[in-house]
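Data block below; observations after.
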Amino acid sequence: MSEVFAVEHPLIDHHLTVLRDENTSPALFRQQIRRLATLLAYTATSDLPTTSKAIRTPMTQMVGSELSVRVAIVPILRAGLGMVEPLQELLPEAEVWHLGMYRDERTATPVEYYCKLPQGGACDIGFVLDPMLATGGSVISALETLARWGCPDLRVLSIIAARPGVERLTREFPQVKIYVAAVDPELNEHKFIVPGLGDAGDRIFNTPPSN
Ligand code: PRP
Numbered sequence: 014m015s016e017v018f019a020v021e022h023p024l025i026d027h028h029l030t031v032l033r034d035e036n037t038s039p040a041l042f043r044q045q046i047r048r049l050a051t052l053l054a055y056t057a058t059s060d061l062p063t064t065s066k067a068i069r070t071p072m073t074q075m076v077g078s079e080l081s082v083r084v085a086i087v088p089i090l091r092a093g094l095g096m097v098e099p100l101q102e103l104l105p106e107a108e109v110w111h112l113g114m115y116r117d118e119r120t121a122t123p124v125e126y127y128c129k130l131p132q133g134g135a136c137d138i139g140f141v142l143d144p145m146l147a148t149g150g151s152v153i154s155a156l157e158t159l160a161r162w163g164c165p166d167l168r169v170l171s172i173i174a175a176r177p178g179v180e181r182l183t184r185e186f187p188q189v190k191i192y193v194a195a196v197d198p199e200l201n202e203h204k205f206i207v208p209g210l211g212d213a214g215d216r217i218f219n220t221p222p223s224n
């Protein structure tokens, strides 16, 4: 069974409310995405392995620690781009690989339009970024690609997920850890999350809704 971490914190509640508000401007929306991604990343990285590292401070010698895994950050275009910067800030050595996917408006199924992963899996842990997990189709398609690529430990960071999408994801990828700021109860007839926040990609990039 997948582990679903619905991260609870007063800062998450506060920033999520600003994010959901339809009066929030694109500029503030982008900031909120970054703030929430940072808070999710704090939990999602809490078990990363480290090794000892001897250093000298200006005062004395000491043994500290350093991360000992190869990390990939994988945003799902477009909306996942909004979460990259805070992850890169925290994991400056990570590689960033982009997966382009949009949801067909009629069928709500994902269509892949960009994927240029290097040959032969190059990471130990992959963080898949997408602010929205609705039916789960886009994230599942990304995980299938990354599992084939060869990343053994895949983790999903989504700001808002819908319960049906989480249930589907946990059924299809029981080994994957999922970190979310909120799990909303349902999808509407257009497969949008309710109450949700609308279309994250459009709100991040200030583009008109496509449907
Ligand atoms: C949205 C969102 C997810 C996907 C979620 O992307 O950012 O990628 O839909 O839906 P799902 O869980 O049902 O697959 P969209 O297709 O609107 O593309 P965009 O990021 O370019 O706006």
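All letters in the sequence shown, in the order written, are residues 14 to 224 by this note's numbering.
Note that beta-carbon positions come from the ideal geometry of N, C-alpha and C, so glycine has one too.
Assign Ala67 to one of two classes, buried (16 or more other C-beta atoms within 10 Å of its C-beta) or exposed (fewer than that). Position 54 of the sequence shown, counted from the first residue, corresponds to residue 67. Flag for Ala67 reads exposed.
Can you name the start and end residues of the alpha helix (DSSP H) that Ala155 belongs to? As a position in the sequence shown, residue 155 is number 142, starting the count at 1. Note, Ala155: alpha helix (DSSP H), Gly150 to Trp162.
Could you give the C-beta distance for Ile173 and Asp212, rounded to a whole number, given that I count them as a contact under 8 Å? As a first step, residue 173 must be located in the sequence shown, where it is residue number 160. As a first step, residue 212 must be located in the sequence shown, where it is residue number 199. 12 Å between Cβ atoms; not a contact.
Under a three-way DSSP split, which group does Thr30 fall into? Here residue 30 corresponds to residue number 17 of the sequence shown, with the count starting at 1. Correct three-state label for Thr30: helix.
Among Ala194, Leu52 and Asp60, which has the Cα closest to the Cα of Glu79? In the sequence shown, the residue the question calls residue 79 occupies position 66. Looking at the Cα atoms, Asp60 is the closest of the given residues.
Do you know whose CA, among Tyr192, Leu130 and Cys128, lies nearest Leu142's CA? Taking the first residue of the sequence shown as position 1, residue 142 is located at position 129. Ranking Tyr192, Leu130 and Cys128 by Cα distance to Leu142 puts Tyr192 first.
Helix, strand or coil for Arg176 per DSSP? In the sequence shown, residue 176 corresponds to position 163, counting from 1. It is helical.
To which residues of the same chain is Val152 closer than 8 Å at the C-beta, ignoring the five residues directly before and after it? If you number the sequence shown from 1, residue 152 lands on position 139. Here the set comprises Ile89, Val141, Asp143, Leu146, Val169, Ser171, Gly178 and Leu182.
Determine the closest residue to Met75 out of Val82, Ser65 and Ser81, with distance taken between C-alpha atoms. Position 62 of the sequence shown holds residue 75. Of the listed residues, the one whose Cα sits closest to Met75 is Ser65.
Given 8 Å, three or more beta-carbon pairs between the stretch 96-106 and the stretch 154-163: no
Beta carbon of Met96: closer than 8 Å to some heavy atom of the ligand PRP? If you number the sequence shown from 1, residue 96 lands on position 83. Flag unset: Cβ of Met96 not near the ligand PRP.
Which term fits Arg116, buried or exposed, when burial requires 16 or more other beta carbons within 10 angstroms of its beta carbon? In the sequence shown, residue 116 corresponds to position 103, counting from 1. Buried, because 16 or more other Cβ atoms sit within 10 Å of the Cβ of Arg116.
Verify the contact flag: Ala213, CB atom, against every heavy atom of the ligand PRP, threshold strictly below 8 Å. Translated into the one-based positions of the sequence shown, residue 213 becomes position 200. It does: the Cβ of Ala213 is within 8 Å (strictly closer) of some heavy atom of the ligand PRP.
Quick one, which of Ala135, Pro222, Ser223 and Asp215 has its alpha-carbon nearest Ala92's? For this step, residue 92 is matched to residue 79 along the sequence shown. Checked all of Ala135, Pro222, Ser223 and Asp215; the closest Cα to Ala92 is Asp215.
Assuming Leu32 and Leu49 are in contact, meaning their beta carbons sit under 8 Å apart, how far apart are those beta carbons, in whole angstroms? For the purposes of this step, residue 32 is identified with residue 19 of the sequence shown, where counting begins at 1. For the purposes of this step, residue 49 is identified with residue 36 of the sequence shown, where counting begins at 1. Yes, Leu32 and Leu49 are in contact; Cβ-Cβ is about 7 Å, under 8 Å.
Does the distance between the C-beta of Tyr115 and the nearest non-hydrogen atom of the ligand PRP fall short of 8 Å? Counting from one through the sequence shown, the residue named residue 115 turns up at place 102. Yes, the beta carbon of Tyr115 sits closer than 8 Å to at least one heavy atom of the ligand PRP.
Strictly by DSSP, which residues pair up with Leu100? Residue 100 sits at position 87 when you count from the first residue of the sequence shown. DSSP output for Leu100 lists no bridge partner at all.
Say yes only if the C-beta of Arg91 is nearer than 8 Å to one or more non-hydrogen atoms of the ligand PRP, and no if none qualify. The residue you call residue 91 lines up with position 78 of the sequence shown. Yes, the Cβ of Arg91 comes within 8 Å of a heavy atom of the ligand PRP.
Are there 16 or more other CB atoms within 10 angstroms of the CB of Leu24, so buried, or fewer, so exposed? Here the question's residue 24 lines up with position 11 in the sequence shown. Answer is exposed; the Cβ neighbour count stays below 16.
With a 10 Å radius around its C-beta and 16 neighbouring C-beta atoms as the bar for buried, classify Pro123 as buried or exposed. To locate residue 123, count along the sequence shown from 1; it is residue 110. Buried: at least 16 other Cβ atoms inside 10 Å.
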